[in-house]
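Numbering of the sequence shown is given in our numbering, commencing with residue 56 and proceeding in unit increments. What follows is a set of notes on a single structure, which appears directly below.
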Amino acid sequence: MGFNAGHVVQDEALAMRAAQAIRLAGLYAAPPVMRIALALPFLRSGLTRWDPFPTLSPGTQFLFEDQFKLHLFGRLVDLPSPTLLAYATACAEIVLPLLLLLGLATRLAALGLLAMTAVIQLVVPEGWANFHLYWAALALGIMALGGGPLSLDAALARLFRSRRAST
């Protein structure tokens, strides 16, 4: 049994192909999985806010008017315009997750959910370790990666590139 340089080169080429396959699988799988993981909790919450659309549920009205308070500098502060904020939140919790699921305006939708997460953190400060940190990490990752190749953003980009190339 001697040293065979051919085996080393062959093994290295196999390792390179495997690494490339894993990288491509990640590039295709990670963005939609991240989009789904961030969209679902917000969409589920948004679906509970209506009784039916366009009427806010009594529970949503109660939460925004009486229960939700901002924790600012050691003080509890009432939400500004709670009814308007409830409607805006209820709409955003439907629209932004749907955009994420479609991969349309993905970075903007992720930014919107990151902003919502920041406000939620001010309302429920003890939730940072269980939920908010993960939502923020997912939103930031989506903002960095975009919708990925399996998104409407990517399909539209391909369409516009092909139209530009043909003119």
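Don't be surprised by glycine CBs; every beta carbon is placed ideally from N, CA and C.
Scanning the region 181-206 for uninterrupted alpha helix (DSSP H) segments of 4 residues or longer gives 188-200, listed from N- to C-terminal end.
Under the criterion of beta carbons closer than 8 Å, Met89 and Ile175 do not qualify as touching, at roughly 19 Å.
DSSP, reduced to helix, strand and coil, places Val179 outside both helices and strands of the structure shown, so it counts as coil. Within the DSSP secondary-structure output, Asp133 pairs in a beta bridge with Lys124.
Around the CB of Met171, 16 or more other CB atoms lie within 10 Å, so the residue is classed as buried. Leu140 sits away from Phe117, with the two beta carbons spaced by 8 Å or more. In the three-state reduction of the DSSP assignment, Leu159 falls in the coil class.
If you draw a straight line from the Cα of Thr115 to the Cα of Ile149, it is about 14 Å long.
Below 8 Å, too few C-beta pairs join the region 81-100 and the region 211-218 to call them touching: fewer than three.
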